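Down below is the structure, laid out as structure tokens.
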Amino acid sequence: MDIEKIKTQIFAIQSLSDFNELALQIFHFQYKNNEVYHNFIDLLKINIQKIKDYNDIPCLPIEFFKTHSIASVLLKPEIIFHSSGTTDTIKSNSLVFSKSLYEQSIYNTFYSFYGNPKNYIIAALTPDNEGSPNSSLAYMLNFLIEKTENSASGFYLSKEYKLLEIIKNNPHAKILLFGVTYALINFAKHYPLLTKNILVIETGGMKGQMKEITRNEVHSFLLQKLNSQINSEYSMAELMSQAYSINNGSFKSPSWMQIRIRDIYDPLSLIGQKKSGGIDIIDLANIYTCSFISTKDIGIMHDNYTFEVLGRYDFSDVRGCNLMQNVF
Numbered sequence: 001m002d003i004e005k006i007k008t009q010i011f012a013i014q015s016l017s018d019f020n021e022l023a024l025q026i027f028h029f030q031y032k033n034n035e036v037y038h039n040f041i042d043l044l045k046i047n048i049q050k051i052k053d054y055n056d057i058p059c060l061p062i063e064f065f066k067t068h069s070i071a072s073v074l075l076k077p078e079i080i081f082h083s084s085g086t087t088d089t090i091k092s093n094s095l096v097f098s099k100s101l102y103e104q105s106i107y108n109t110f111y112s113f114y115g116n117p118k119n120y121i122i123a124a125l126t127p128d129n130e131g132s133p134n135s136s137l138a139y140m141l142n143f144l145i146e147k148t149e150n151s152a153s154g155f156y157l158s159k160e161y162k163l164l165e166i167i168k169n170n171p172h173a174k175i176l177l178f179g180v181t182y183a184l185i186n187f188a189k190h191y192p193l194l195t196k197n198i199l200v201i202e203t204g205g206m207k208g209q210m211k212e213i214t215r216n217e218v219h220s221f222l223l224q225k226l227n228s229q230i231n232s233e234y235s236m237a238e239l240m241s242q243a244y245s246i247n248n249g250s251f252k253s254p255s256w257m258q259i260r261i262r263d264i265y266d267p268l269s270l271i272g273q274k275k276s277g278g279i280d281i282i283d284l285a286n287i288y289t290c291s292f293i294s295t296k297d298i299g300i301m302h303d304n305y306t307f308e309v310l311g312r313y314d315f316s317d318v319r320g321c322n323l324m325q326n327v328f
């Protein structure tokens, strides 16, 4: 298989038929070249020649990223990302073999939701790329900040007073404020604003800083305090792609990323739309590692590209770039 050719086709997908054809090609490539995924499929005693639809492709449990190097190529990784989480949890290692592919996925997804980054000041209430070199979120935001080519864009965690100056001095600018949940809540508590030129994008996760609360509660609080539009971003270290929610709480994935919902008690059975279950993610941009991942998140599919994240499996790690909800 010509990986370079496939890489160009990933971002040209326009239909589920296109997605299915490419997913099957990538599945056979990864089955052949990814030892961990190959052994996993064989242990399931699955006849791969009978797989004709992407919904029949088994997803690798995300826990394998904690215990194995997940790779479908014999190359040196350009970056190694670690999953977020509390200090007493074992973190995943995600190998990135092509920064350019990752950056293209970031840019194309962002552009499809928000347009050209140059149209914005992008501020981040998250750890920065220098202090967290193994954070996929920090890398993504640093990339988008650089794309704005605006000196006002940057990381403002622990420098909130500077962020206030940026907001005050740019009343007519479009400002995107990304933030981990705990940082946005603290910012809203201490610096309530009355401005509508800010669009807030929460990336989820209390990271052990405070009690977990539902995303609806987070959004209601932020909306009340900041008087701004509140969106969300959903991804994780093991993925090359992201999904965004626009105001209504449901996430939409790009055309090269499909979400499936599986039965919680039978992980090889899919339950379709409008029912809650475990989230499987097929991210074709993960061509160098594994594109078929079974997460520990729980969600609901509304249609082919729209879904909600409801929470986490009981006793699963507190991790990910968008831990949306825990049960009280």
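Numbering follows this note's numbering, in which position 104 of the sequence shown is assigned residue number 104; successive positions increment by one, without gaps. Backbone N, C-alpha and C define an ideal beta-carbon position, used for all residues, glycine too. These numbers were taken from a predicted model, which means no experiment stands behind them.
Return the chain-ordered list of same chain residues with a C-beta closer than 7 Å to the C-beta of Asn304, the five sequence neighbours on each side being excluded.
Position 304 of the sequence shown, counted from the start, is the residue given in the question as residue 304. Short of 7 Å from the beta carbon of Asn304, and not among the five residues preceding or following it, lie these beta carbons of its own chain, in chain order: Leu16.
Ignoring anything shorter than 4 residues or poking outside the stretch 144-170, list the alpha helix (DSSP H) runs there in chain order.
Complete alpha helix (DSSP H) runs here, min 4: 160-169.
DSSP state of Asp128 mapped onto helix, strand, coil:
Mapped onto the sequence shown, residue 128 falls at position 128. In this structure, Asp128 counts as coil in the three-state DSSP scheme.
Can you give me the C-alpha to C-alpha distance between Ser94 and Gln224, rounded to a whole angstrom?
Position 94 of the sequence shown holds residue 94. Position 224 of the sequence shown holds residue 224. Roughly 37 Å separates the two Cα atoms.
Can you tell me which of the three DSSP states Ala285 falls into?
In the sequence shown, counting from the first residue as 1, residue 285 sits at position 285. Correct three-state label for Ala285: helix.
Among Phe292, Gln229, Gly131 and Asn119, which has the Cα closest to the Cα of Glu149?
Numbered from 1 along the sequence shown, position 149 holds the residue referred to as residue 149. Nearest C-alpha to Glu149: Asn119.
Suppose contacts are defined by Cβ-Cβ distances below 8 Å. Is Ser72 in contact with Tyr288 by that definition?
To locate residue 72, count along the sequence shown from 1; it is residue 72. To locate residue 288, count along the sequence shown from 1; it is residue 288. Contact flag set, yes.
Buried or exposed: which applies to Lys162, given that a residue is buried once 16 or more other Cβ atoms fall within 10 Å of its Cβ?
By one-based count along the sequence shown, residue 162 stands at place 162. Using a 10 angstroms sphere on the CB of Lys162, the tally of other CB atoms stays under 16, which defines it as exposed.
Please give me, in chain order, every unbroken run of the alpha helix (DSSP H) with length at least 4 that falls completely inside the stretch 206-263.
Runs of the alpha helix (DSSP H) inside the stretch 206-263: 215-226.
Which of helix, strand or coil DSSP assigns to Thr295:
Translated into the one-based positions of the sequence shown, residue 295 becomes position 295. Here Thr295 sits in strand by DSSP.
As assigned by DSSP and simplified to three states, the class of Met140
Here the question's residue 140 lines up with position 140 in the sequence shown. In the displayed model, Met140 falls within a helix according to three-state DSSP.
Using CA coordinates, which residue listed in Gly154, Leu239 and Tyr139 is at the minimum distance from Ala124?
Taking the first residue of the sequence shown as 1, we reach residue 124 at position 124. Residue Gly154 is the option with its Cα nearest to Ala124.
What residue does the alpha helix (DSSP H) around Ile80 start on, and which one ends it?
The count along the sequence shown starts at 1 and reaches residue 80 at position 80. In the DSSP assignment, Ile80 falls outside any alpha helix (DSSP H) and within the unbroken beta strand (DSSP E) covering Ile79 to His82.
Could you give the residue range of the beta strand (DSSP E) that holds Asn93?
Your numbering for residue 93 matches position 93 in the sequence shown. Per DSSP, Asn93 belongs to the beta strand (DSSP E) from Asn93 to Val96.
Supposed close pair Ser294, Ile62 - CB separation, criterion 8 Å
What you label residue 294 is simply residue 294 of the sequence shown in a count that begins at 1. What you label residue 62 is simply residue 62 of the sequence shown in a count that begins at 1. Ile62 and Ser294 do touch by the CB rule: their CB atoms are close to 6 Å apart, below 8 Å.
Residues bridged to Ala123 [DSSP beta-bridge criterion]:
Residue mapping note: residue 123 aligns to position 123 of the sequence shown, counting from 1. In the DSSP output, where bridge partners are listed per residue, Ala123 has Gly154 and Leu177.
When you compare only the Cα positions, how much space is there between Ile10 and Ser92?
As a first step, residue 10 must be located in the sequence shown, where it is residue number 10. As a first step, residue 92 must be located in the sequence shown, where it is residue number 92. For Ile10 and Ser92, the distance between alpha carbons rounds to 25 Å.
What separation, rounded to the nearest whole angstrom, lies between the Cα atoms of Asp263 and Asn170?
For the purposes of this step, residue 263 is taken as the residue at position 263 of the sequence shown. For the purposes of this step, residue 170 is taken as the residue at position 170 of the sequence shown. Those two C-alpha atoms are separated by around 49 Å.
Assuming Glu308 is part of the beta strand (DSSP E), what are its boundary residues?
Residue 308 sits at position 308 when you count from the first residue of the sequence shown. That run of the beta strand (DSSP E) goes Thr306 to Arg312.
Nearest to Ala138 (by Cα), restricted to the options Ser112, Ser83 and Asn116:
Walking along the sequence shown from the start, residue 138 turns up at place 138. Closest option to Ala138, Cα to Cα, is Ser83.
In chain order, what residues of the same chain lie with their CB nearer than 8 Å to the CB of Phe143, ignoring the 5 residues before and after it?
Counting from one through the sequence shown, the residue named residue 143 turns up at place 143. Short of 8 Å from the beta carbon of Phe143, and not among the five residues preceding or following it, lie these beta carbons of its own chain, in chain order: Glu103, Ile106 and Tyr107.
Segment contact flag, the stretch 23-36 with the stretch 232-244, C-beta cutoff 8 Å, min 3 pairs:
Output reads no: the stretch 232-244 does not touch the stretch 23-36.
On the CB-based measure, 16 or more other CB atoms within 10 Å of its CB, does Leu177 come out buried or exposed?
The sequence position of residue 177 within the sequence shown is 177, counting from 1. Buried: at least 16 other Cβ atoms inside 10 Å.
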